[in-house]
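Asker:
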Amino acid sequence: MIDLYTAATPNGQKIHIMLEECGLVYRPHWIDIDKGEQFDPAFLAISPNNKIPAIVDQDGPGGRPIAMFESGAILLYLATKTGKFLPAEPMAYWDTQRWLFWQVGGFGPMLGQAHHFNAYAPMRPDGPVVLPYAQERYTNEANRLYGLLDRHLADHAYVAADQYTIADMAIFPWCRLHSRQRVDLDA
Ligand SMILES: N[C@@H](CCC(=O)N[C@@H](CS)C(=O)NCC(=O)O)C(=O)O
Numbered sequence: 015m016i017d018l019y020t021a022a023t024p025n026g027q028k029i030h031i032m033l034e035e036c037g038l039v040y041r042p043h044w045i046d047i048d049k050g051e052q053f054d055p056a057f058l059a060i061s062p063n064n065k066i067p068a069i070v071d072q073d074g075p076g077g078r079p080i081a082m083f084e085s086g087a088i089l090l091y092l093a094t095k096t097g098k099f100l101p102a103e104p105m106a107y108w109d110t111q112r113w114l115f116w117q118v119g120g121f122g123p124m125l126g127q128a129h130h131f132n133a134y135a136p137m138r139p140d141g142p143v144v145l146p147y148a149q150e151r152y153t154n155e156a157n158r159l160y161g162l163l164d165r166h167l168a169d170h171a172y173v174a175a176d177q178y179t180i181a182d183m184a185i186f187p188w189c190r191l192h193s194r195q196r197v198d199l200d201a
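The sequence shown begins at 15 in the working numbering and counts up one residue at a time.
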């Protein structure tokens, strides 16, 4: 049994997709990050960086429980556990790794900032003075990253390794929020 600590965000959805695709039995625990439940000491014991997603696999290495945090690490853990969605052939393996790291190191964090400054920050009553600068910076970077992905997918059916992998699962949920990141897919 796998316990999944999650919320309805792209980082949470990545792990739901992988667990469903692998047919693994899991128990979701919803963490309300708007209410600050990520700072609960019991959750911090599992995810010390106070962020979802996290899992506890009760049947980890050697049959012992293991706690995992960071969505990229969780995807790699589940792929290694099941032997699914991370091809073993070296060229395909490294192609998957580089696109997975592109997502967790760039696409996710930059789109997260674009989303924050375009969708959340304008709602603040105190009106942050740096807002136009931040919006321009992260909207431009979000659009640059989507452009790269678009050109790559023009001649690839999947992001990596010519097959459905954990890299697709990591990238897809972020693209669903394109309008709130101020990315026009038609462009
Ligand atoms: N690098 C982390 C990012 C996770 C992340 O940003 N989680 C957000 C929700 S999408 C969160 O839990 N935020 C709560 C907080 O920062 O207090 C990962 O890929 O797992």
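Beta carbons: idealized from backbone N, C-alpha and C, even for Gly.
Just so you know, these numbers come straight off a predicted model, no measurement behind them.
Along the chain, where does the alpha helix (DSSP H) containing residue 43 start, and where does it finish?
Answerer: As a working mapping, residue 43 is identified with position 29 in the sequence shown. Run containing residue 43: none in the alpha helix (DSSP H); it sits in the beta strand (DSSP E), 40-44.
Asker: Hey, how far is the Cα of residue 42 from the Cα of residue 84?
Answerer: Numbered from its first residue, the sequence shown carries residue 42 at position 28. Numbered from its first residue, the sequence shown carries residue 84 at position 70. In a straight line, the C-alpha of residue 42 is about 16 angstroms away from that of residue 84.
Asker: May I have all residues whose beta carbon comes closer than 7 angstroms to any heavy atom of ligand 1, sorted in chain order?
Answerer: Listed by chain position, these are 21, 23, 24, 25, 26, 47, 52, 64, 65, 66, 67, 83, 84, 85, 86, 118, 122 and 126.
Asker: Measure how close the beta-carbons of residue 180 and residue 33 come, nearest whole angstrom, since I'm counting them as under 8 angstroms.
Answerer: Here residue 180 corresponds to residue number 166 of the sequence shown, with the count starting at 1. Here residue 33 corresponds to residue number 19 of the sequence shown, with the count starting at 1. In fact, because the Cβ distance is near 12 angstroms, the residues do not count as touching under 8 angstroms.
Asker: Less than 6 angstroms between C-beta atoms, sequence neighbours within five positions excluded: which residues of the same chain meet that for residue 92?
Answerer: Along the sequence shown, one-based indexing puts residue 92 at 78. The answer, listed in chain order, is 32.
Asker: Return the CA-CA distance between residue 59 and residue 168, expressed in angstroms with no decimal places.
Answerer: Numbered from 1 along the sequence shown, position 45 holds the residue referred to as residue 59. Numbered from 1 along the sequence shown, position 154 holds the residue referred to as residue 168. Cα to Cα, residue 59 sits roughly 43 angstroms from residue 168.
Asker: For residue 17, name the three-state secondary structure that DSSP assigns.
Answerer: What you label residue 17 is simply residue 3 of the sequence shown in a count that begins at 1. It is a strand residue.
Asker: Does the segment 48-62 come close enough to the segment 93-112 to have 3 or more Cβ pairs within less than 8 angstroms?
Answerer: They do not touch, by the three-pair rule.
Asker: Count the other CB atoms, across all protein chains shown, that sit within 10 Å of the CB of residue 199; report buried if there are 16 or more and exposed otherwise.
Answerer: Within the sequence shown, residue 199 is the residue found at index 185, counting from 1. So residue 199 counts as exposed.
Asker: Flag this pair as yes or no: are the beta carbons of residue 80 and residue 18 separated by less than 8 angstroms?
Answerer: Position 66 of the sequence shown holds residue 80. Position 4 of the sequence shown holds residue 18. No, these two residues do not count as a Cβ contact at 8 angstroms.
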